[in-house]
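Let me begin by presenting the structure, written as structure tokens, before commenting on it.
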Amino acid sequence: MANITLGGNPVETIGKLPEVGSQIADFNLTAIDLSTKTLADFKGSRLILNIFPSVNTGVCAASVRQFNAEANELENTKVLCISRDLPFAQEQFCAAEGLDNVVMLSDFKTGQFGKDYGVLFTSGIFDALLSRSIVVVDESGKVLYNEQVSETGEEPNYKAALEALYDA
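Read in full-length UniProt numbering, the sequence shown has 53 at position 53, and its numbers run on one by one without any break.
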């Protein structure tokens, strides 16, 4: 489990992020059209997994906006924004914000993604939501960079995540 905080209070997650150099696990997540997406749907693309508690919070929304702006400039890279929000809420947020460079995915059905990736909160007021994390992988699914933000109320290190793509 990770040592992170939420509002300065210690909280726990179910495990740890996939390690740099390891292969990411497959997933079954729900897209805004309610279809199921797996890792195979993004085969051959580099991925930025932008994982967060809820798009309806300020910092989470800011991360989606930031990665949406960056995604337009990235070659062969998809940004997957993953939370346990309902797909309807994710779609409404993107429509209201005019965001179309990111792929919104939900772990609402089973929470298995949160368990497999070690980001499911197991304590605190966000219990059962996903902790703010970034995982960057190459075309083969190998982890190039990871970050589990130590204070959930803060934004991730966008620069480091993007540099991992350029350094690969």
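Beta carbons: idealized from backbone N, C-alpha and C, even for Gly.
Owing to the predicted nature of the structure, the values given are computational and were not obtained by experimental measurement.
{"Query": "Exposed or buried, which one is Leu144 when buried takes at least 16 other CB atoms within 10 Å?", "Result": "buried"}
{"Query": "Please report the distance separating the alpha-carbon of Ser35 from that of Phe108.", "Result": "13 angstroms"}
{"Query": "Would you give the residue range spanned by the alpha helix (DSSP H) that Ser83 belongs to?", "Result": "No alpha helix (DSSP H) holds Ser83; the beta strand (DSSP E) holding it covers 77-83."}
{"Query": "Can you tell me whether Tyr145 is helix, strand or coil according to DSSP?", "Result": "strand"}
{"Query": "Apply the 10 Å Cβ neighbour rule to Gln23 and answer buried if 16 or more other Cβ atoms are within range, or exposed otherwise.", "Result": "exposed"}
{"Query": "Which residues does DSSP list as the beta-bridge partners of Val11?", "Result": "Ile4"}
{"Query": "Quick one: grab the DSSP three-state call for Glu155.", "Result": "coil"}
{"Query": "Does DSSP put Leu130 in a helix, in a strand, or in coil?", "Result": "strand"}
{"Query": "Tell me whether the region 90-98 and the region 3-23 touch, counting them as touching only if at least three CB pairs, one residue from each stretch, are closer than 8 angstroms.", "Result": "no"}
{"Query": "Report yes if the C-beta distance between Leu6 and Gly118 is below 8 angstroms; otherwise report no.", "Result": "no"}
{"Query": "If you draw a straight line from the C-alpha of Gly141 to the C-alpha of Leu49, how long is it?", "Result": "11 angstroms"}
{"Query": "In chain order, what residues of the same chain have a beta carbon less than 8 angstroms from the beta carbon of Leu86, not counting five sequence neighbours either side?", "Result": "Ser106, Phe108"}
{"Query": "Going by Cα to Cα distance, which pick from Leu29, Ala71, Ser150, Val136 is closest to Ala161?", "Result": "Val136"}
{"Query": "Considering only residues of the same chain and omitting the five flanking positions on each side of Gln155, which have a CB-CB separation below 7 angstroms?", "Result": "Sequence check: residue 155 is Glu here, not Gln. If we look at Glu155 and ignore the five residues flanking it on each side, its Cβ neighbours are Val59, Ala62, Ser63."}
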